[in-house]
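A.B. asks:
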Amino acid sequence: MSFSGRRLSILRPSNRRFSLGKELSENELRSETHRQFRAAHEGHRPHAGLDASRASTGVVWCTERAVEHGYAEDPSGWANLGQGAPEADDEIEGSFPRPTSIPITSAAREYGPTAGIKPLRAAVARLYNEHYRQGKESQYTWENVCIVPGGRAGLIRIAAILGNSYLSFPIPDYSAYSEMLTLFKNIAPIPIPLAEDDHYHIHPNKIAEEIARGTSVLLTSNPRNPTGHFVSHDELAQIQDICRDRATLILDEFYGGYNYTTDCDGSTISGAANVVDVNQDDVLLIDGLTKRFRLPGWRIAWIVGPKEFIDALGSAGSYLDGGANVPFQEAAIPMLEPSLVRTEMKALQRHFREKRDYVLKRLHEIGFRVKDVPQATFYIWLDLTSLEPPLPKEANISDGLNFFNALLTEKVIVVPGIFFDLNPAKRRDLFDSPCHHFVRLSYGPKMDVLKMGLDGIERVIRRARGEAVELRPQIDPQWEDEGESCAAQYSAPMTMVLNFYRVLNYAAFTFFSVLLFCLIILTPADAIYQCYKTHRLTNIFFITGAYVATFILAALIYATRIYTNRTVLSAIPKAWIPVEKEDVGKSVRRLVVEGLARSAIIAYQARPRDIAADGDKFSDYPMLVVDRDQPPWGKVEHPGWSSPSSPDLPDLPYRAVVQELPHLIEAKAVSLAPPDPFLSAAAHHRFDPSLSDRGRSVPDTRVVEVLRRPASMGLREYIQHLTALNLVNPPEIGAEFLAHYERARFSSRELHEDEFRELMHVFADVLRGMTYLDSRILDDIRGGSSRGDSESLIGPSDEEGETDTMEFLDDSDALSLRRSDSLQPSVASSTWESRSVHTAPTAQSRGSPVASKHHDRYRTLAPPRTPSTRSLRRVQSNVSGSSSGGSVIRLVDPRGPSDLPYAYNLGPTSSRS
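Count along the sequence shown starting at 1, add 4, and that's the number in our numbering.
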C-alpha cells in the first residue's frame, strides 16, 4: 500500500479498521502491544477529543518496552537493531583511532559561545569549501557555521527562529521531526506523502507544487531515514533552484557519509555543492560527529547556512540549550582535516557496505524480498508482507507493532514503521498508515550483534510458520566420541558407586512396597474369602468394586496433583539453566554431564602453559597429552608483545622498538653526510697529527647540522624535511611510514604481530631508499660558510652549559618550500596527538634546517671552519647509529639487497636482523 492511495483506500471495503468507529478490531484486541501503543500515544486513541500526555519518540518507546523485558539488566545480551547509532569502537580498517582522553584547557572551563568556538566553526567551513565548493566564488566562512549540542538541538533552534509559516515535510521520515514540529505554534506542518511504488521518490515538480500552495519552509533528511534513499545531485540542484528566493530549504545530512553509489571512493552527499551564494541562498545544512564520525555520545553537530540565520541560531541557543560542550569542540577540530575526512569516509563506506550486503543476504535466506536496496544510511526499510512463502493468518506478526513485540521474546529490538509516518499535533489516526506493515532495521551495530539479531528474526519467522526451532547448537561428532571416552575414563568409579546405591534403593523400595501391598490386601482378601465360603457372591462384588473405585480415585487425585505441581513449577522463571537432576530427565542429565566433562577437558587442553612442566603425569590420560611441536593453543601472542615461541622475535616489546625508530632514521640520515673536505686537507696543520687519519671519516659538520633533527621537531616535520632534501626516495614511502608509525605510536590499541611486521617492512624500505644529498644542495650548504664562525649552529658542547640555537619553519613555510621544489606533499593520515612539538619561530630569525625560500637558504646552517674536537666527537656519536645499552634495535650495514638494514638486540650477546 502507498501513501498516494490513501484517499481511495478508505472508500474500498477492507479488513483493516479505519477511524470510522471506536470499536477495536480483532487484531488490536488480541495484541497487547497495540493496546499499549494506543494508551501511550495521543494520536492513537479511541476517544477523539482526549488530551493525553505527550508520548515518547519511536526509538525511546521501543527501548522502554524492551526494558520491561529485561533490556536494562543485560544490554549486551540483546541485539538492538532499533537504535540509530553506528558502531563506535576503533575496529574499522582504515579508520583513524578515536581519542581516549581529552585535555581540558582553562578556557574550556568557562562558558563557551552559544554558536560554538571560532576554531571549530572555521574548521567546518574549510571542510565544506574543500569538499563541495572548490572553484566557486562564494565560500563559507566561520560566520556561516553554528555549533549545536546534537542534531535535535539544531532542529529545535531552527524551529525557534522561523516565522509564521507553512512547513512541508515528506513522509516517511525521521521520527523526531514529529515532536519538533509540534512544539512551536509558529509552524503549520504539512505532510508530503511519498509512494512506495515510486520508491519514495521526491520529485522536484512536487516541491514546486508545495511552494505554489504557500509553503515557505521545506524539511527533509538527505540521505533519507528510514528508507535509505537520497535525492540525486541533479534533482537536488533543481529543488534548490526552485526554492531559491521562494522558500527556506532545511537538509538533514547526518547520513551524507554513508554513500554506497560511488564504489566507496569517499564521496559524500550535501546540498552545499549547489549553493550559489552562501549568504543569499536560504539553505540550512545540518550535520555533525554523530553518524559520519561515529561519535554519538559527544553531541557535537553544526548548522551551515547564511550569516543572518547563523546569528539568529546563536541567539536562540542562549535560551534553549546553552551551547555545545567546549572541551569536545576543541577535540573535534583535528578530526575535520579534509584529507583525513576523505580517508575516513572511504573506510566507513567499505565497512558498512559489507554489513549491508550481509544483512540483505540473511533476510533473503529467511524469506524477505527487499525491493529497495538502500543506497545510503545504515537502515533497511523492511516490508513484512514481502515474505515468501507468506505467513499464515493466525501468525499475526505481519504488522510492525506485533512483529516488534514477537522479537522482544528473542531479545531483538526493531522500530515499527508506524513511527516514521510523522503525525505532528496528532491530527491523524495512524492505524490507517501505509507504514503499518514496515519495520526499520539498523545495521549500525557490530557484526556479531547483527548475526544475533538476524538469528532471532529467523526463529520468530520459523515459529510463525509452525516449523521446529532448534535451540541446541550442533556438536561435532568428533567431540561426541571424545566426550564418551572421557566420561567412561573419569566417571567409572563414581558410576559403580552410583549403580550400587541405585540397586540397593530399588531393592529396598520393591521389598517394602510388596510388604505394604500384602498388608493392605490382607483384610479385603479375608472378607472375600469368607463370603466365598458362605456363598454370598453379591458381597464379593460390592467389596471388590469399592476397592477398585477407591484405587482409581486415589490414582486420579495423585496424577492431578503431580500435573498441577509440575505445571506451576515449570511456569516459574528460573535464574539458572535447569540442568540438575530434579529439573531434567536422566538422558538429558547424562548429556549435560558428558558435555561439561568434555568442556573441562577442552579447556584444560587449550590452556597455554609450559608443556615441559607437565612431565609424564598425564601419560596415563591420552586425552590430556599435548603435542609439544603443535600445541592446541597455537602461537601465543599478547597485544604489544611478540610470542615467546616466535622463532625470530621472542618476547619483543613493540612499543620499545617503535620509540626508537625516529632516532634510527636520524642516525641513517646523518650517516649519509659526506666527509669534511676541509678537515681532510688541513688536519695536519690545525689538529693533532693522529687526527689526520681520522679526518677522512669525520663528516662535514655543516651537512650534519642540516640532517640532524632538533629536539623540538616532530617526526612528521622531520620526514617532510628529509623529503624536501630529496633524501627519502620515493617520497610516498615517507607518507606511508608516517601513517603506520603514528597509528602504532599514539593509538590506545596495542599492535599485533602482523601490524608490527608491516610497520617494520615499511621502515626498512624507508632506510633502503635514503640516498646521499644532491651535489647542488651540498654546494648550497657549504657555500654558506663564508659568514664565518659566528654563524655556527653547532656551538659549544653541552658540557659547557650551552645549547644549540637551531630554529625551523612552521607548517605553512615548509609546505611552500616543498611546492617550490616541485616535491609531492605528504598524504599520510593525521593523528590524534596535537602538534605541541612545534616550536614557534622567533621574531628575529626565520632560519630553518628544512630550507629557505631564498638563494642562500642554507647559509645560516654553515658550521665553523674550525670546530672543536668535543663538537666533532658529539657529531661522530650521532652518526654511528649504535644504540645504547637499553636499546632494542640498531642500524646495520646490509650485505645484500634482501638483507634488513637494522637488527634487534634480543639479549646481551645475541641479536637478530
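Glycine included, every Cβ here is placed at the ideal spot set by N, Cα and C.
Quick check: the stretch 279–298 against the stretch 128–142, are there 3 or more CB pairs under 8 angstroms?
C.D. replies: Contact between the stretch 279–298 and the stretch 128–142 is present, because at least three Cβ pairs lie under 8 angstroms.
A.B. asks: Kindly provide the ranges of any alpha helix (DSSP H) runs that are 4 or more residues long and lie completely inside the stretch 84–113, ordered along the chain.
C.D. replies: Correct list: empty.
A.B. asks: Would the stretch 255–271 count as touching the stretch 286–294 if we require 3 or more Cβ pairs under 8 angstroms?
C.D. replies: Short answer: they touch.
A.B. asks: When you compare only the Cα positions, how much space is there between P735 and K672?
C.D. replies: Looking at the two C-alpha atoms, the distance is approximately 16 angstroms.
A.B. asks: Express the C-alpha separation of L324 and V330 in angstroms, rounding to a whole number.
C.D. replies: Distance between the alpha carbons of V330 and L324 is about 17 angstroms.
A.B. asks: For Y170, which beta-bridge partners are listed by DSSP?
C.D. replies: A192, per the DSSP bridge assignment.
A.B. asks: Output the residue ranges of the alpha helix (DSSP H) runs that lie fully inside the stretch 367–437 and measure 4 residues or longer, sorted by chain position.
C.D. replies: Counting only runs of 4 or more, we get 404–412.
A.B. asks: Which residue marks the beginning of the beta strand (DSSP E) containing I151, and which one marks its end?
C.D. replies: First-last of the beta strand (DSSP E) with I151: V149 to V152.
A.B. asks: Going by beta carbon distance, what residues of the same chain come within less than 8 angstroms of Q242, once the five residues before and after it are set aside?
C.D. replies: Cβ within range, chain order: P208.
A.B. asks: Count the C-beta pairs between the stretch 222–236 and the stretch 372–384 that are closer than 8 angstroms, then say yes if the count reaches three, no if not.
C.D. replies: As far as the Cβ criterion goes, the stretch 222–236 touches the stretch 372–384, which means the pair count is three or higher.
A.B. asks: Can you give me the C-alpha to C-alpha distance between W82 and R444, rounded to a whole angstrom?
C.D. replies: Cα to Cα, the separation comes out at about 17 angstroms.
A.B. asks: What do you get for H765, buried or exposed, if any count of 16 or more other CB atoms within 10 angstroms of its CB means buried?
C.D. replies: By the 10 Å Cβ count, H765 comes out exposed.
A.B. asks: If we count the other Cβ atoms within 10 Å of its Cβ and call it buried at 16 or more, is V507 buried or exposed?
C.D. replies: Exposed.
A.B. asks: Are the beta-carbon atoms belonging to I106 and A305 less than 8 angstroms from one another?
C.D. replies: For I106 and A305, no; Cβs fall outside 8 angstroms.
A.B. asks: Does L731 pass the burial test, meaning 16 or more other C-beta atoms within 10 Å, or should it be called exposed?
C.D. replies: Answer is buried; the Cβ neighbour count reaches 16.
A.B. asks: Just verifying my parser: in three-state terms, what is the DSSP assignment at S182?
C.D. replies: Helix, per DSSP.
A.B. asks: Throw me the rounded Cβ distance for the V363 and G86 pair, which I believe falls under 8 angstroms.
C.D. replies: Going by Cβ atoms, the distance from V363 to G86 rounds to 14 angstroms, so no, they are not a contact pair.
A.B. asks: Using DSSP with H/G/I as helix, E/B as strand and the rest coil, what is R611?
C.D. replies: Residue state, collapsed to three classes: coil.
A.B. asks: Give me the residue from T705, A550, F424 and D361 with the minimum Cα distance to M451.
C.D. replies: Closest option to M451, Cα to Cα, is D361.
A.B. asks: With contact counted as at least three CB pairs below 8 angstroms, one residue from each stretch, are the stretch 153–171 and the stretch 185–205 in contact?
C.D. replies: Because the criterion of three Cβ pairs below 8 angstroms is met, the stretch 153–171 and the stretch 185–205 touch.
A.B. asks: Would you call the stretch 335–344 in contact with the stretch 308–322, where contact means no fewer than 3 C-beta pairs closer than 8 angstroms?
C.D. replies: Because the criterion of three Cβ pairs below 8 angstroms is not met, the stretch 335–344 and the stretch 308–322 do not touch.
A.B. asks: Please classify G900: is it buried, with 16 or more other beta-carbons within 10 angstroms of its beta-carbon, or exposed?
C.D. replies: Exposed: under 16 other Cβ atoms inside 10 Å.
A.B. asks: For L386 versus F372, is the C-beta distance shorter than 8 angstroms?
C.D. replies: Yes, these two residues count as a Cβ contact at 8 angstroms.
A.B. asks: When we look at the beta-carbon of P449 and count the other beta-carbons within 10 Å, is it buried (16 or more) or exposed?
C.D. replies: It is buried - the Cβ of P449 has at least 16 other Cβ atoms within 10 Å.
A.B. asks: Count the C-beta pairs between the stretch 554–563 and the stretch 532–546 that are closer than 8 angstroms, then say yes if the count reaches three, no if not.
C.D. replies: No, they do not touch.
A.B. asks: With DSSP run on the structure shown, which of helix, strand or coil describes G787?
C.D. replies: Note: G787 maps to helix in three-state DSSP.
A.B. asks: Can you round the beta-carbon distance between L222 and I273 to whole angstroms, since I take them to be within the 8 angstroms contact cut?
C.D. replies: Not confirmed; about 17 angstroms, so no contact.
A.B. asks: What does I254 pair with, by DSSP beta-bridge criteria?
C.D. replies: Bridge partners of I254: L223 and L288.
A.B. asks: Could you check whether the Cβ of V330 sits closer than 7 angstroms to any heavy atom belonging to the ligand GTP?
C.D. replies: For the ligand GTP, the structure offers nothing, since it holds no ligand at all.
A.B. asks: Return helix, strand or coil for L895, following the three-state DSSP convention.
C.D. replies: Note: L895 maps to strand in three-state DSSP.
A.B. asks: Give every residue of the same chain whose Cβ lies closer than 6 angstroms to the Cβ of Y75, excluding the five residues on either side of it in the sequence, and list them in chain order.
C.D. replies: Excluding sequence neighbours, Y75 sits near W82.
A.B. asks: Would you mind sorting F423 into buried or exposed? The rule is 16 or more other CB atoms within 10 Å of its CB.
C.D. replies: Buried.
A.B. asks: Which one or two residues does DSSP pair with W645 in a beta bridge?
C.D. replies: In the DSSP output, where bridge partners are listed per residue, W645 has H642 and P657.
A.B. asks: Touch check for the stretch 395–414 and the stretch 452–464: three-plus C-beta pairs under 8 angstroms?
C.D. replies: Enough Cβ pairs lie closer than 8 angstroms, so yes.
A.B. asks: Give me the Cα-Cα distance between S446 and Y264, rounded to the nearest whole angstrom.
C.D. replies: When rounded, the distance between both Cα atoms is 16 angstroms.
A.B. asks: From which residue to which residue does the alpha helix (DSSP H) around A728 run?
C.D. replies: Looking at the DSSP string, the run of the alpha helix (DSSP H) that includes A728 is L719 to A728.
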